[in-house]
């Protein structure tokens, strides 16, 4: 109930926010320019802004934690090497997501594991499942409710919502590159996942006796 | 960008908060990412990854197989490397084309290992810790060629 009330009906939208991009995009190319000149503050800002996106893409693959860390490190090291040849610095998030995805596939296959399917439906699995030990990390009840609901979603939805939450540019094109999903299916999938999430939040609230919303 | 904290904006923020708590970006990833800028090699030529058996769907890489074969290419040098593994350790066996003696440095964010390539351009390095690596090849011409980073 806490979490349900928190998001209201606005959760269930198919707004076009994802298509409009953000004012941050102009600043990205500026940060890249400054980083190319050795500006550490600019570089650190790039890392802070996109580290969550890279990690969310990597965690969508069936890699253990150590291998996932290795891959994420490689992505950042490679960005430094390739930054001067980025065709469009404003699409940095897309480049990072695509590089992360490819490096995950290389690592999965190079490690001699079973070949993963490119299908998002099949390749999920490392998205952390809702278990009691993780819930203590969440201080507020609405956070625990949200986590339980997210963790009950199909893997596909968990990966999509997580990646979108960490894409500061909210670009469907970048999400498409990250998840190898057609751009056209991102909006509808996102809407379906949000609807499902909202249903789970409502169901969770009901099953817990319909407490009063204290917000 | 909306300043209304309700609805979607609040949900995205809460999702980040929850994932940050439950499965945060590891500290070692952030440390390597922040330190990466200092590892730029401005005067070396870059040998790009042009082939990787790990991405070849027709080749099934298995523990008992010959390992993963990767090829890096620059304008002046091709570096072929076979990567095999035992547990957390990796073994590299490489060949420079055209064959030439060189000092090969296997670099990782945590340190580096130097080995020599013989007159036939052959080199090997073992054990190399798992994780991101790149090779820097210094030939007698004093030219340095650095490969793309790769997770091994």
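Residue numbers (the numbering used here), protein chains in the order written: chain A, 1070 to 1284; chain B, 115 to 266.
Just so you know, even glycine gets a beta-carbon here, dropped at the ideal spot from N, CA and C.
What you are looking at is a predicted structure, and each value in this text was computed from that prediction instead of being measured.
Item                                                                                                                      : Value
N- and C-terminal bounds of the alpha helix (DSSP H) containing residue 1214 (chain A)                                    : 1210-1221
Beta-carbon neighbours of residue 245 (chain B), restricted to chain A and to distances below 7 Å                         : 1139 and 1142
Check whether residue 239 (chain B) and residue 206 (chain B) have beta carbons under 8 Å apart                           : yes
Limits of the unbroken beta strand (DSSP E) element including residue 259 (chain B)                                       : 258-261
Opening and closing residue of the beta strand (DSSP E) in which residue 1117 (chain A) lies                              : Premise fails: residue 1117 (chain A) lies in the alpha helix (DSSP H), 1109-1127, not in any beta strand (DSSP E).
Contact list for residue 1113 (chain A) against chain B, beta-carbon separation under 8 Å                                 : 148
Cβ neighbour criterion (16 or more within 10 Å) applied to residue 211 (chain B)                                          : exposed
Residue 170 (chain B) versus residue 1172 (chain A) - alpha carbon distance                                               : 14 Å
When A:1169, A:1096, A:1227 and A:1160 are compared against residue 1136 (chain A), the one with the closest alpha-carbon : A:1169
Residue interval of the beta strand (DSSP E) (run including residue 181 (chain B))                                        : From DSSP, residue 181 (chain B) is part of no beta strand (DSSP E); its letter is neither H nor E.
Cutoff 8 Å: residue 169 (chain B) Cβ touching any chain A Cβ                                                              : yes
Straight-line gap, residue 1146 (chain A) to residue 1270 (chain A) (C-alpha atoms, nearest Å)                            : 40 Å
Residue-level contact to chain A via CB, residue 139 (chain B), 8 Å cutoff                                                : yes
Residue 224 (chain B) versus B:161, B:142 and B:138, residue with shortest Cα-Cα distance                                 : B:142
Selection from A:1258, A:1138 and A:1178 that minimises the alpha carbon distance to residue 137 (chain B)                : A:1138
Cα-Cα separation, residue 258 (chain B) to residue 1120 (chain A)                                                         : 31 Å
Test item: CB-CB of residue 1215 (chain A) and residue 1228 (chain A) under 8 Å                                           : no
Nearest neighbour of residue 1155 (chain A), chosen from A:1101, A:1205 and A:1123 [CA to CA]                             : A:1101
Proximity of residue 231 (chain B) and residue 250 (chain B) at Cβ, strictly below 8 Å                                    : no
Neighbour flag for residue 190 (chain B) against chain A, beta carbons, 8 Å                                               : no
Residue 186 (chain B) at chain A interface by Cβ criterion, 8 Å                                                           : no
Strand pairing of residue 252 (chain B), partner residues [DSSP]                                                          : B:217 and B:258
Those residues which DSSP pairs with residue 166 (chain B) across a bridge                                                : B:184
Beta carbon proximity, residue 1155 (chain A) to chain B, threshold 8 Å                                                   : no
Alpha-carbon to alpha-carbon, residue 1232 (chain A) and residue 131 (chain B)                                            : 13 Å
Coil, strand or helix - residue 193 (chain B) by DSSP                                                                     : strand
Interface positions of the stretch 211-244 of chain B facing chain A (Cβ-Cβ less than 7 Å), listed along the chain        : 223 and 244
Buried or exposed (CB count within 10 angstroms, at least 16 for buried), residue 255 (chain B)                           : exposed
Any chain B beta carbon closer than 8 Å to residue 1104 (chain A)                                                         : yes
Nearest residue (CA-CA) to residue 1162 (chain A), options A:1205, A:1250 and A:1118                                      : A:1118
Cβ-based burial, residue 122 (chain B) [other Cβ within 10 Å; buried from 16]                                             : buried
Spatial distance of residue 196 (chain B) from residue 203 (chain B) (CA atoms)                                           : 14 Å
Partner residues on chain B for residue 1150 (chain A), Cβ-Cβ distance less than 7 Å                                      : 160, 262 and 263
Interface flag, residue 175 (chain B) vs chain A, CB-CB below 8 Å                                                         : Model confidence at residue 175 (chain B) stands at a pLDDT of 49, short of 50, so the residue's coordinates are unreliable and nothing is read from them.
As assigned by DSSP and simplified to three states, the class of residue 199 (chain B)                                    : strand
Straight-line Cα distance separating residue 265 (chain B) from residue 1176 (chain A)                                    : 7 Å
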